[in-house]
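Down below is the structure, laid out as structure tokens.
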Amino acid sequence: MTEHRKRTRAVHAGTRRSQYGEVSEAIFLTQGFVYESAEAAEKRFVGIEGDEFIYARYGNPTVAMFEDRLAALEGAEAAFACASGMAAVNGALTSMLKAGDHVVSARALFGSCLYILEEILPRYGVEVTFVDGKNLDEWKAAIREDTKAVFFESVSNPTLEVVDISAVAEMAHAVGAKVICDNVFATPVYSDAIAQGADVVVYSATKHIDGQGRALGGVILGTEEHIRGPVETYMKHTGGSLSPFSAWMMLKGLETIDLRVRAQTETAGRIAEALKGEDKLAQVLYPGHADHPQHDLVMRQMGAGGTVVAFDAGSREAAFRLLNALEIVVISNNLGDAKSIATHPASTTHQRLPQDQKDRLGITPGLIRLSVGLEDAEDLIADLRRGVAAI
Ligand SMILES: *Cc1c(COP(=O)(O)O)cnc(C)c1O
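Written out as structure tokens, the structure reads:
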């Protein structure tokens with residue numbers, strides 16, 4: 001399947017047909033599998049061969065279809081599907097680290113990712129150095145001979161800062177450190193992270209992969225050896241596996257992801273353009289536009305600006321007035337959904353952070369993160385103008 005182009009892989013890769021020859025993928029809602037004999041059960045626990053399963057925490061046919069389809073789409077050798085994006089981030093990190101290890105991480109992260117790196121890993125004796133992910137000199141200074149892994153969001157949530165995957169991977173690989181890339185904002189559609197040097201790619205499938213706000217999910221992608229080795233061993237014993245029903249929704253999501261993400265990206269560009277004409281907004285950030293400080297890198301790395309626009313209404317009060325005046329765009333905190341969603345990070349996803357850290361991350365009191373959906377672009381622009389007028 002990897003010889004086909006992405007859109008074909010997104011529809012067909014990984015399909016396993018039962019004896020009935022169904023067209024749409026079957027949902028195997030089963031936790032377990034019957035063995036033909038006691039000997040067969042024993043043999044399977046020694047090691048699975050081919051398309052065999054033991055227990056849904058270890059693997060399941062519907063989940064395996066999703067893993068194989070996403071691995072093919074991403075150009076990765078293997079994938080392990082997780083119960084949520086955070087189960088994937090946690091599993092990707094914890095499965096390869098032990099007390100005494102050193103990790104370098106970008107500072108601009110989704111709130112829960114930051115919690116794992118800042119609070120959980122140090123509690124178990126892992127030392128974490130934070131850097132400004134945009135600044136290659138800071139990465140260079142922080143990566144040491146004994147660094148085991150580097151972690152970053154290729155485009156950060158919510159401030160849309162971009163990390164140069166190839167440059168950071170070169171530095172990390174020089175000391176034998178693994179590169180873990182949380183690639184949610186790039187989406188599998190615009191990602192080429194493995195070719196660019198990432199060893200492990202992580203997605204929250206809750207976002208663009210489902211794309212319709214129905215279920216939580218996540219995935220860890222990498223080499224066969226790494227995924228079927230430390231990642232699977234850690235995940236299957238700690239319980240963060242994806243449910244077959246959610247895997248089925250994600251599989252169906254993958255069939256349309258290319259069309260959805262490209263349409264959402266086009267609308268995001270138009271919305272960013274329209275918002276730039278609004279004097280009441282202090283700043284409009286969109287990686288796909290030439291005035292984004294890292295536009296050249298974004299185009300080199302992803303070839304498109306993605307589906308999220310960030311803008312600053314000037315103050316918390318102004319941001320709240322804008323949000324409360326919206327009639328189409330909903331106030332929520334998912335992203336990549338068919339429905340456009342506006343989020344005020346300072347009071348929600350990043351509320352936990354002290355003010356000085358918010359300042360350092362650019363999470364200003366007026367910042368709004370807009371995840372652009374599949375509605376008509378003109379209707380969305382009119383809705384946002386209504387919001388801006390309410391400031
Ligand atoms: C949403 C998100 C996550 C967490 O995913 P869940 O599915 O909500 O657990 C991790 N990283 C980034 C960048 C995200 O946007």
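Take the sequence shown: its position 139, counting from 1, is numbered 139 in full-length UniProt numbering, and each next residue is one higher.
For each residue, glycine too, the CB sits at the ideal point set by N, CA and C.
Source: prediction; values computed, not measured.
Shown here for glycine 91: same chain residues with a beta carbon closer than 7 angstroms to its own, the five before and five after excluded, namely Cys82, Ile220, Val231, Tyr234, Met235, Gly240 in chain order.
Assignment of tyrosine 286 by DSSP, reduced to helix, strand and coil, places it in the coil class. Distances from the CB of methionine 302 to the heavy atoms of ligand 1 are all 8 angstroms or more. Residue pairing of arginine 321 in beta bridges, as defined by DSSP: absent, with no partner found.
Cβ neighbours of phenylalanine 245 within its own chain (closer than 7 angstroms, five residues either side excluded): Ile27, Leu29. Valine 202 is bridged by DSSP to Asp182, Ile220. Pairwise C-beta distances place the region 274-281 out of contact with the region 335-354, as fewer than three of them are shorter than 8 angstroms. Arginine 369 sits in a strand when the DSSP states are folded into three classes. Using a Cβ distance threshold of 9 angstroms, glycine 306 and alanine 342 do not count as a contacting pair. In the structure shown, the three-state DSSP call for aspartate 192 is coil.
Contact between lysine 148 and histidine 102 is confirmed by a C-beta separation of about 6 angstroms, below the 8 angstroms threshold. Checking the 8 angstroms criterion, the Cβ of serine 112 is within range of a heavy atom belonging to ligand 1. Counting only residues of its own chain and dropping the five nearest sequence neighbours on each side, glutamate 375 has a CB closer than 7 angstroms to the CB of Ile328, Ser340. Valine 63 is not a Cβ neighbour of valine 104, given a cutoff of 9 angstroms.
Taking a cut-off of 8 angstroms on C-beta distances, the region 121-135 does not touch the region 171-186, as fewer than three cross pairs fall below it.
The Cβ atoms of glycine 85 and alanine 205 lie closer than 9 angstroms to each other. Counting C-beta atoms within 10 angstroms of its own C-beta, glutamate 22 has fewer than 16 neighbours from the protein chains shown and is therefore classed as exposed. When the five nearest sequence neighbours on each side are left out, the beta carbons in the same chain lying within less than 6 angstroms of the beta carbon of glutamine 31 are those of Ala56, in order along the chain. About 4 angstroms separates the beta carbon of glutamine 283 from that of aspartate 312, a gap short enough to meet the 8 angstroms contact definition. Relative to the Cα of leucine 353, the nearest Cα in the group Asp51, Gly111, Leu97 belongs to Gly111. The beta carbon of leucine 297 lies closer than 8 angstroms to those of Val162, Asp164 in the same chain, with the five residues before and after it left out. When the alpha-carbon of alanine 186 is set against those of Gly14, Glu153, Ser315, Trp139, the nearest one is in Glu153. In this structure, the CA atom of histidine 208 is about 30 angstroms from the CA atom of isoleucine 391.
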